[in-house]
């Protein structure tokens, strides 16, 4: 049931919701985390002192997310027994010592993810880039090969999500990014059926978690299940009329 | 019909005389091709000049695929920033002609986002327009719903510098960034035609937000004349702030350009009493008048004047000062109503691009 406050909400958040939410989100991630790299808040003093002295500008950063290339081979060669191994590899960390043997000597791709606040669209924005083990940057077609199958579907079918190359607002370098123009629509739909506990505003960290549960699917970034239990995992299908295909559990 | 104002005509007709040299590493002929002069529209983008430049240099180029890019004194130029803004920002003292180097090889893709051709620039322009529409209306439906022919016509008006065509096509978008009753007073003859378009293109923004892009060039030297500032050798020296002005947050109250600049860059304007001020004054008093350390804030004129540059909340040891504000190549008086500045000096992408030189040391 939609809460009356939500139906008029435009799906966006303010700078303070983002900044406060980002820190809470990073803390929660750290608490439930089992082997995932951590999100850290990176402050950008340079710009903050020019805008509002009391508003600290910055972004969330998760770097050196390892994507072992061997998990593709595992999919084909290993059957049911290997599936668990494959899952842990997809999570970016090999928890099982047996799988390490398969990984050894094979190509590893590293990914950096930055979550920035876009003040024009008033939504978070995902910036990412990938490298080979030798530091050589990955081109878009290499990255697309790393993305989960579902991502390719979303990217080609949805008018809301597409990858472009844009300059990182703080780092003066080209990064890949998911265009933010459709984000507010997606978020509005995501929260349509949520209980907001009578609060007027969506809590920043909850917003980020929901946002990441969708965006993560597109860029291959998994969100720990423990974090999602609060937020009801939803595979967002932006091409469908309601915008969502609820998944039980 | 929407008629152009004089200011808008000046902006659209504004052009930078550029002297283009082919980069020496790409010269394969002897003698090397001479540089040549070209007039680049302020509201345009540098790579759009490629079709005019290339024929003059193609004889000298080595074999291979051409991807055009420019540098100014070694600094690769960001192609998606309008030409006039680049000039206002990078040339502290306006150079006439502006000496630029063109490259057709060795695109610095670690620094610049790719620019494959006119389509890439058109996409970037439409994207900015979409962003501006979102800022003004809270959605970009008007841009998404543009017909292909309208979009093309709008883009061509920018390519060709046709202000009349631009105004005709863009009036359909019903994008109004700022209320502008001053235009009606200043141009009474336009009132009749403008009254029809008044609601379309000059009323307050629906969201109370105005698209603004600020380019802050930090000069960390003690110089009196900003035009003596040393060259920029890295984009790290520029702080790019793409953040809409939010009238509903109380920014730009009073609505002069000066009010808006205060809202965007408060640290350079606050000189009044503040929480920290008392402490700062106290520190300085101890330094300047060691024999009169009374701890009270009763200062004589001399020390007060000495304090002023240092009267900066939160950063007592820093001197922050705005030296120059440039919009479309002019230094507008701060008393000018901001709404007028927005409506008459904005770029075709509906953004107001403001270059600010600040001294900070």
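Chains as they are written, first to last, in this note's numbering: chain A, 11 to 259; chain B, -15 to 345. Backbone N, C-alpha and C define an ideal beta-carbon position, used for all residues, glycine too. Here the structure is a predicted model, which means the values were calculated and not measured.
For residue i, which of helix, strand or coil comes out of DSSP?
i, result
"residue 261(A)", "Examination of residue 261(A) is not possible in this model, given that chain A is present from 11 through 259 alone."
"residue 232(B)", "helix"
"residue 214(B)", "coil"
"residue 27(B)", "coil"
"residue 201(B)", "strand"
"residue 225(A)", "helix"
"residue 132(A)", "coil"
"residue 122(A)", "strand"
"residue 22(A)", "coil"
"residue 39(A)", "helix"
"residue 252(B)", "helix"
"residue 145(B)", "coil"
"residue 179(A)", "coil"
"residue 219(A)", "helix"
"residue 137(A)", "strand"
"residue 325(B)", "helix"
"residue 196(B)", "strand"
"residue -9(B)", "helix"
"residue 226(B)", "strand"
"residue 370(B)", "The question about residue 370(B) has no answer here: the residues shown for chain B are numbered -15 through 345."
"residue 1(B)", "strand"
"residue 336(B)", "strand"
If I measure Cβ to Cβ from residue i and keep anything under 7 Å in the same chain, skipping five residues before and after, which residues do I get?
i, result
"residue 112(B)", "333 and 335"
"residue 72(B)", "310, 313 and 339"
"residue 77(B)", "211"
"residue 190(B)", "120, 121 and 122"
"residue 13(B)", "43 and 44"
"residue 138(B)", "150, 153 and 154"
"residue 4(A)", "The shown model of chain A, from 11 to 259, leaves out residue 4(A), and the question about it has no answer."
"residue 91(A)", "Only weak support exists for where residue 91(A) lies, its pLDDT of 38 falling under 50; the coordinates are left without a value."
"residue 67(B)", "0, 24, 25, 26, 28, 29 and 30"
"residue 223(B)", "200 and 202"
"residue 180(B)", "Low confidence applies to residue 180(B): its pLDDT is 37, below 50, so where it sits in the model is not reliable, and the reading given next is rough at best. Correct list: empty, nothing qualifies."
Using 7 Å as the cut-off, classify the Cβ of residue i as near or not near the heavy atoms of the ligand NAD, replying yes or no.
i, result
"residue 40(B)", "By its list of ligands, the structure shown contains no ligand whatsoever, and the ligand NAD lies outside what it can speak to."
What residues in its chain sit with their C-beta under 6 Å from that of residue i, if we drop five residues either side in the sequence?
i, result
"residue 233(A)", "222, 223 and 226"
"residue 308(B)", "210 and 341"
"residue 71(A)", "50, 52 and 124"
"residue 87(B)", "7 and 53"
"residue 230(B)", "193"
"residue 68(A)", "51, 52, 53 and 54"
"residue 215(B)", "57"
"residue 157(B)", "126"
"residue 285(B)", "Unreliable placement is indicated for residue 285(B), whose pLDDT of 32 sits below 50; no coordinate value is reported for it."
Which one of the options has the shortest CA to CA distance from residue i?
i, options, result
"residue 29(A)", "155(A), 141(A) and 129(A)", "129(A)"
"residue 177(A)", "306(B), 96(B), 161(B) and 128(B)", "96(B)"
"residue 26(A)", "132(A), 236(A) and 162(A)", "132(A)"
"residue 16(B)", "41(B), 0(B) and -6(B)", "41(B)"
"residue 140(B)", "122(B), 107(B) and 62(B)", "107(B)"
"residue 19(A)", "197(A), 36(A) and 75(A)", "197(A)"
"residue -1(B)", "105(B), 9(B) and 69(B)", "69(B)"
"residue 337(B)", "320(B), 135(B), -7(B) and 227(B)", "227(B)"
"residue 162(B)", "20(B), 325(B) and 343(B)", "325(B)"
"residue 207(B)", "126(B), 243(B), 232(B) and 343(B)", "343(B)"
"residue 225(B)", "4(B), 134(B) and 196(B)", "196(B)"
"residue 99(B)", "134(B), 32(B) and 79(B)", "32(B)"
"residue 219(B)", "103(B), 61(B) and -7(B)", "61(B)"
"residue 145(A)", "159(A), 162(A), 160(A) and 121(A)", "121(A)"
Rounded to whole angstroms, how far is the Cβ of residue i from the Cβ of residue j, which I believe are closer than 8 Å?
i, j, result
"residue 118(A)", "residue 143(A)", "5 Å"
"residue 50(B)", "residue 38(B)", "7 Å"
"residue 304(B)", "residue 59(B)", "So it is not a contact: roughly 24 Å between Cβ atoms."
"residue 180(A)", "residue 54(A)", "5 Å"
"residue 126(A)", "residue 230(A)", "Not a contact, Cβ separation roughly 19 Å."
By Cβ distance, which residues of its chain are closer than 8 Å to residue i, with the 5 residues on each side in sequence left out?
i, result
"residue 145(B)", "-4, -3, 25, 27 and 28"
"residue 124(B)", "114, 115, 117 and 118"
"residue 150(A)", "173, 175 and 186"
"residue 31(A)", "23, 213, 214, 215, 216, 217 and 218"
"residue 135(A)", "125, 126, 127, 128, 187, 188, 190 and 193"
Quick one, which residues of the segment 91 to 103 of chain B are near chain A if we go by CB-CB under 8 Å, in chain order?
-> 93, 94, 95, 96, 97 and 98
Chain-ordered residues of the segment 171 to 188 of chain A with a beta carbon less than 8 Å from chain B = 175, 176, 177, 179, 182, 183 and 184
Looking at chain A, which residues of the segment 108 to 121 of chain B have a Cβ within less than 9 Å of any of its Cβ atoms?
-> 111, 114, 115, 116, 118 and 119
Note down, in chain order, all residues in the segment 207 to 220 of chain B with a beta-carbon under 7 Å from any beta-carbon belonging to chain A.
-> Listed by position, the residues of the segment 207 to 220 of chain B near chain A (Cβ gap below 7 Å) are 219 and 220.
Going along the chain, which residues of the segment 23 to 39 of chain B sit with their C-beta nearer than 7 Å to a C-beta in chain A?
-> none
Relative to chain A, which residues along the segment 120 to 142 of chain B have a C-beta separation below 8 Å, given in chain order?
-> Within the segment 120 to 142 of chain B, the residues whose Cβ lies closer than 8 Å to some Cβ of chain A are 122 and 124, listed in chain order.
Where the segment 18 to 32 of chain A meets chain B: residues whose CB sits under 7 Å from a CB there | Of all residues in the segment 18 to 32 of chain A, 20 have a Cβ within less than 7 Å of some Cβ in chain B.
Residues of the segment 121 to 139 of chain A with Cβ closer than 8 Å to any Cβ of chain B, in chain order | From the segment 121 to 139 of chain A, only 129, 130 and 131 have a Cβ closer than 8 Å to chain B.
Of the residues that make up the segment 60 to 83 of chain B, which ones have a beta carbon closer than 9 Å to any beta carbon in chain A?
-> 62 and 64
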